[in-house]
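**Q** Residue numbers (numbering that gives the first Met the number 0): 0 to 59. Ideal placement from N, C-alpha and C gives every residue a C-beta, glycine not left out. As the structure is a computational prediction, the values presented were derived from the model and not from experiment. Input: one structure, supplied below.
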Amino acid sequence: MDNNTPVKFNMKTDMGTIHLDNGAGGKIIKQYKAKVEAIPGAVIKTGAFSAAMTVIVTYN
0 MDNNTPVKFN
10 MKTDMGTIHL
20 DNGAGGKIIK
30 QYKAKVEAIP
40 GAVIKTGAFS
50 AAMTVIVTYN
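Here's what the structure looks like:
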């Protein structure tokens with residue numbers, strides 16, 4: 000969730016604009032918090048967890 004706007008799993012989401020000029024590093028930092036819920040009737044498996052996301056940059 001970024002700025003209290005939910006980001007849905009496996010859905011395209013606009014992450015912001017990168018301004019590239021002589022003084023800019025072109026870096027955007029976003030922090031998200033995951034809400035993990037059990038699937039009714041499924042066994043909860045514990046252990047190490049990692050996540051990744053694909054970032055696509057469109058140049059205009």
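Which value, in whole angstroms, describes the spacing of the CA atoms of Thr4 and Gln30?
**A** The residue you call residue 4 lines up with position 5 of the sequence shown. The residue you call residue 30 lines up with position 31 of the sequence shown. Rounded to the nearest angstrom, the two C-alpha atoms are 12 Å apart.
**Q** Report the residue from Ala37, Ala47, Ile38, Met52 whose alpha carbon sits nearest the alpha carbon of Lys7.
**A** The residue given as residue 7 occupies position 8 in the sequence shown. It is Met52.
**Q** Whose C-beta lies closer than 8 Å to the C-beta of Ala33 among residues of the same chain, with five residues either side of it excluded?
**A** In the sequence shown, counting from the first residue as 1, residue 33 sits at position 34. Here the set comprises Ala50.
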